[in-house]
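Report on the structure given below.
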């Protein structure tokens, strides 16, 4: 039995915003993959990676996920454990390796100041570099209780400002090209996830 529907359903119950955010990050990750001319199976894996990137927030108290004020240092540490929690959830499932490494490393930064392992540059797996950019795009262009959504142009400007320090410039460039042709946020419901194959400038 596939673990993916159960994980997505659990996230919907825990925090509907995080589940919807994952859907959109999956869509943006796939757009980047298409722009990079990746094979269809890799694009599908990126879509799954984006959808599941925050699944580790199942292990974060709901009150923290919904908190509108600044996090304390202890609360921030708790939230920053979610990549490891997520990797533990998908490690022994049918979720492909491309998606698993993105779940674990999507908060790493090119300058080595990210988490959980402080990887830098090309040591960060490429799927994580894609999902990191997609994650930031949706975080900035989504309305939250504590701030309105930013326009896409503003979000892209912020991604470019942080390119080379936080984000991979080649991924930001691919996203910029994709959004020149595709509306964002995507209109209407997103298509169903394909079956899984075998095998801080801008935001927290």
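In UniProt numbering, the protein residues as written are 1 to 204.
Every residue, glycine too, gets a C-beta built ideally from N, C-alpha and C.
- The residue among 117, 139, 182, 159 with its C-alpha nearest the C-alpha of residue 21 is 139.
- In the DSSP assignment, residue 76 forms no beta bridge with any residue.
- Bridge partners of residue 163 according to DSSP: 167.
- Contact check for residue 7 against residue 52 passes: the beta carbons are separated by less than 8 Å.
- Residue 85 and residue 185 have their alpha carbons spaced roughly 28 Å apart.
- The DSSP-derived three-state label of residue 147 is strand.
- For residue 106, the three-state secondary structure derived from DSSP is coil.
- Around the CB of residue 111, fewer than 16 other CB atoms lie within 10 Å, so the residue is classed as exposed.
- Annotated as proximal: residue 100 and residue 91, with beta-carbon spacing under 8 Å.
- Assigned with DSSP and collapsed to three states, residue 181 falls in coil, not helix or strand.
- By the criterion of at least three beta-carbon pairs nearer than 8 Å, the stretch 126 to 135 is in contact with the stretch 27 to 40.
- Look at the beta carbons and you see the stretch 34 to 46 touching the stretch 167 to 182: at least three pairs across the two are nearer than 8 Å.
- About 12 Å separates the beta carbons of residue 127 and residue 95, which is beyond the 8 Å limit, so they are not a contact pair.
- Between residue 48 and residue 89, the C-beta spacing is not below 8 Å.
- Beyond the five residues adjoining it in sequence on each side, residue 3 comes within less than 6 Å, by CB distance, of 93 in the same chain, given in chain order.
- In the same chain as residue 87, and ignoring 5 residues on each side of it, the C-beta atoms closer than 6 Å to its own belong to 103, 104, in chain order.
- Assignment of residue 124 by DSSP, reduced to helix, strand and coil, places it in the coil class.
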